[in-house]
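Residue numbers (my numbering), protein chains in the order written: chain D, 5 to 190; chain R, 6 to 152.
Here a beta-carbon is modelled for each residue, glycine too, at the ideal position from N, C-alpha and C.
The model shown is predicted, which means the values in this text are computed figures rather than measured ones.
Encoded as structure tokens, the structure appears first; notes follow it.
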């Protein structure tokens, strides 16, 4: 089986099928990050497409000793930011979840329908709280939790120190908690 | 109906956030495409679109493969031409500056002061800046002189 490194090397030499495999491997994470920055919709898909093309043209700049995923997601986040800026207005971000009982939700291990409903409601409320975060906070939350990068990889993707990532994540979580508590207050 | 507030420890919130990420609505429709071996496989539409755009880029030779040499430019290529223009401009600017270098009096006039003139005069000249004659020539007594 091809390793990611092999795929990158083959893509560099112009192998489109190898690059297609890379896209398939990282597409879901890329779309999640773009969605967190731009909100659910076709705009996120457009940004991801542009990011993949940009990453293909810049493959020669990629240091193959490093992990491909943070490098790619940095380009995705940057492209999504550019798309958001190009929109020219502060559009409110809405994160839409897959309908209850379909897609990933259907594969949820929760068996009891009541529990499944509670879990879905909790996800909806947390997603709504994430939508209210600042662009910066949403971006770091997306990289760390939606794309499941490690803290070190998140730091690499954002081009900042590990300590900075830790403190920014901690602040973002505190704001999320505050949103969730505020929502329930009269 | 008012929603109850949610408080949870960090670890729980992190787990829910991962869960939210996994449940985000991602529209990734699949499209049938033929592979190099001729077998049809299901590829997400995005992969197909991206590959088509990359193929276009490759046709226009925009990509910069590792170790590739830049296309040869004829003499007077855009980059070189602009460098020549910048150099010529710099020479003209220097020549102009040298040609219109203002005099000291003019510069002093801009600041509303008189130009400082440093003149040299012979020592002892009345009104000159040198030491006074009396100080520089001690009195001498001649033995022939009588009161």
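Nearest to residue i (by Cα), restricted to the options the options
i, options, result
"residue 99/D", "17/R, 25/R, 11/R and 21/R", "25/R"
"residue 149/D", "13/R, 29/R, 11/R and 12/R", "29/R"
"residue 63/D", "97/D, 13/D and 96/D", "13/D"
"residue 163/D", "118/D, 31/D and 79/D", "79/D"
"residue 135/D", "69/D, 44/D, 68/D and 120/D", "44/D"
"residue 29/D", "46/D, 141/D and 6/D", "6/D"
"residue 140/D", "121/D, 122/D, 171/D and 116/D", "171/D"
"residue 19/D", "108/R, 63/R and 14/R", "63/R"
"residue 122/D", "96/R, 94/R and 21/R", "21/R"
"residue 138/D", "173/D, 65/D and 116/D", "173/D"
Beta-carbon contacts of residue i that lie in its chain and below 6 Å, excluding the five residues immediately before and after
i, result
"residue 160/D", "74"
"residue 169/D", "155, 158 and 159"
"residue 57/R", "none"
"residue 6/R", "In this prediction, residue 6/R scores a pLDDT of 49, lower than 50, which makes its location untrustworthy; the coordinate-derived value is nonetheless stated afterwards. Excluding residues within five positions, none has a Cβ falling inside 6 Å."
Contacts of residue i in chain C (Cβ-Cβ under 7 Å)
i, result
"residue 16/R", "No chain C is present in this structure, whose protein chains are D and R."
Residue i vs residue j beta-carbon contact at 7 Å
i, j, result
"residue 26/D", "residue 11/D", "yes"
"residue 37/D", "residue 77/D", "yes"
"residue 131/D", "residue 40/D", "no"
"residue 59/R", "residue 60/D", "yes"
"residue 81/D", "residue 143/D", "yes"
"residue 48/D", "residue 42/D", "yes"
"residue 87/D", "residue 32/D", "no"
"residue 23/D", "residue 17/D", "no"
Contact set for residue i: own chain, Cβ-Cβ below 7 Å, skip 5 residues either direction
i, result
"residue 101/D", "127, 128 and 131"
"residue 125/R", "none"
"residue 61/R", "none"
"residue 85/D", "41"
"residue 166/D", "155, 156 and 159"
Cβ distance (whole Å) where residue i is taken to contact residue j below 8 Å
i, j, result
"residue 83/D", "residue 54/D", "5 Å"
"residue 119/D", "residue 12/R", "With 8 Å as the limit, residue 119/D and residue 12/R do not qualify as a contact, their Cβ atoms being about 19 Å apart."
"residue 152/D", "residue 23/R", "7 Å"
"residue 55/R", "residue 56/D", "5 Å"
Residues near residue i in its chain [Cβ-Cβ closer than 8 Å; skip 5 each side]
i, result
"residue 133/D", "180, 183, 184 and 187"
"residue 87/R", "none"
"residue 68/D", "9, 12 and 13"
Closer than 6 Å: residue i CB and nearest the ligand GTP heavy atom
i, result
"residue 102/D", "Only the bare structure without any ligand can be found here, which leaves the ligand GTP out of the picture."
| query | Quick check: the segment 175-184 of chain D against the segment 83-93 of chain D, are there 3 or more CB pairs under 8 Å? | reply | no
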